[in-house]
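Everything on this sheet refers to the single structure shown next.
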């Protein structure tokens, strides 16, 4: 509250008596509202409203925490990473270092409690990020977790299309698909390992376009067209998935809907909403 506004409400008392809901300043005998006492602002000219606050305001409930400045807090606000007291006493190390969280919760170094399921999920939920340290290293074979045309995120349980790797858009929740990328090509281009750029639709087309052939690495297995009759079973309002045998058809309405309907992500190219036209 603005101190100039407060002073307008201070009543000088000559008979040394204040109303029941007011505090009497020691030297001046002025009366101020009780809520102005121990609010970290000296409203009495002698500062008596801010003295001995710890002892005078030790009136918090049993399920409340008494701040060093006399303020009362709900116990669950203690050691939650936020300075609720205003003086930092609810986040002091001598209190938080000994705090234990309830079963099913993880105790951060700061004393903050977070659900166990938030540990090692790729997000820093503890103020110091200690919920993401000491996490197990994924040792599983990528293909045992993800499909042959998918990329395994660093968190070990999330798969995205390999075409989304290093496309300047974080598709993994932990952003690991954009780590160690060489952003020298445009979004609709593929960056060869030798540094050259080729149109993105030339990747995995069965013909090496990069001088080092890197555009044909880690591609989904292609169907031997010589051993399979070249027949198209899909109608004009359907999309034929690229690597399905027998042929798989999906409605064109499922193109670019964010779902891997084909199973090989051929219906979900990264820039389809920008560079692809769908007749329907």
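Numbering (this note's numbering), first residue to last: 22 to 301.
Every residue gets a Cβ at the ideal spot worked out from N, C-alpha and C, and that includes glycine.
TODO: Give the C-beta separation of residue 268 and residue 255 to the nearest angstrom, bearing in mind that I take them to be a contact with Cβ-Cβ under 8 Å.
DONE: Start at 1 with the first residue of the chain shown, and residue 268 comes out as number 247. Start at 1 with the first residue of the chain shown, and residue 255 comes out as number 234. That pair is a contact at about 7 Å.
TODO: Return yes when the Cβ of residue 127 is within less than 8 Å of the Cβ of residue 116, no when it is not.
DONE: Within the chain shown, the letter at position 95 stands for residue 116. Within the chain shown, the letter at position 106 stands for residue 127. No; because the gap between Cβ atoms is not below 8 Å, this pair is not in contact.
Task: Proximity winner among 227, 184 and 194, relative to residue 212 (alpha-carbon distances) - done: Position 191 of the chain shown, counting from 1, holds the residue named residue 212. For the residues 227, 184 and 194, the minimum Cα distance to residue 212 belongs to 184.
TODO: Rounded to whole angstroms, what's the CA-CA distance from residue 241 to residue 235? Just pull it up for me.
DONE: For the purposes of this step, residue 241 is taken as residue 220 along the chain shown, with counting starting at 1. For the purposes of this step, residue 235 is taken as residue 214 along the chain shown, with counting starting at 1. Their backbone Cα atoms lie some 14 Å apart in a straight line.
Task: For residue 183, three-class secondary structure by DSSP - done: To locate residue 183, count along the chain shown from 1; it is residue 162. It is helical.
Open item on the list: One question on the structure: do residue 285 and residue 275 come within less than 8 Å of each other, judged by their Cβ atoms?
Closed with: Indexing the chain shown from 1 puts residue 285 at position 264. Indexing the chain shown from 1 puts residue 275 at position 254. No, Cβ-Cβ distance for residue 285 and residue 275 is not below 8 Å.
Open item on the list: Under 8 Å, with one C-beta from each stretch per pair, do the region 86 to 99 and the region 109 to 123 reach the 3-pair mark?
Closed with: yes
Open item on the list: Rounding to the nearest angstrom, what Cα-Cα distance links residue 132 and residue 140 in this structure?
Closed with: Looking up residue 132 in the chain shown gives position 111. Looking up residue 140 in the chain shown gives position 119. Near 15 Å, if we compare the C-alpha coordinates of residue 140 and residue 132.
TODO: Please work out which residues of its chain come closer than 8 Å, Cβ to Cβ, to residue 66, disregarding the five sequence neighbours upstream and downstream, and give them in chain order.
DONE: Walking along the chain shown from the start, residue 66 turns up at place 45. Once the five neighbours on either side are set aside, the close Cβ partners of residue 66 are 46, 48, 49 and 51.
Open item on the list: Just to confirm the assignment, what range does the alpha helix (DSSP H) spanning residue 115 have?
Closed with: Here residue 115 refers to the residue found at position 94 of the chain shown. Note, residue 115: alpha helix (DSSP H), 114 to 117.
TODO: Please classify residue 68: is it buried, with 16 or more other beta-carbons within 10 angstroms of its beta-carbon, or exposed?
DONE: As a first step, residue 68 must be located in the chain shown, where it is residue number 47. That one is exposed.
- [ ] Kindly indicate the opening and closing residues of the beta strand (DSSP E) around residue 206.
- [x] Working through the chain shown from its first residue, we reach residue 206 at position 185. First-last for residue 206: undefined, no H or E at that position.
- [ ] Determine the DSSP secondary structure at residue 199, reduced to helix, strand or coil.
- [x] Locating residue 199 in the chain shown gives position 178, counting from the first residue. In this structure, residue 199 counts as helix in the three-state DSSP scheme.
- [ ] Please classify residue 178: is it buried, with 16 or more other beta-carbons within 10 angstroms of its beta-carbon, or exposed?
- [x] Position 157 of the chain shown, counted from the first residue, corresponds to residue 178. With fewer than 16 other Cβ atoms within 10 Å, it is exposed.
- [ ] State the Cα-Cα distance for the pair residue 44 and residue 62, rounded to the nearest angstrom.
- [x] The residue labelled residue 44 in the question sits at position 23 within the chain shown. The residue labelled residue 62 in the question sits at position 41 within the chain shown. Approximately 14 Å, taken between the alpha carbons.
- [ ] Kindly indicate which three-state DSSP category residue 223 falls into: helix, strand or coil?
- [x] For this step, residue 223 is matched to residue 202 along the chain shown. Residue 223: helix per DSSP, three-state reduction.
Open item on the list: Taking the alpha-carbon of residue 206 as reference, which of 198, 193, 218 and 129 has the nearest alpha-carbon?
Closed with: The residue given as residue 206 occupies position 185 in the chain shown. Comparing Cα positions, the closest option is 218.
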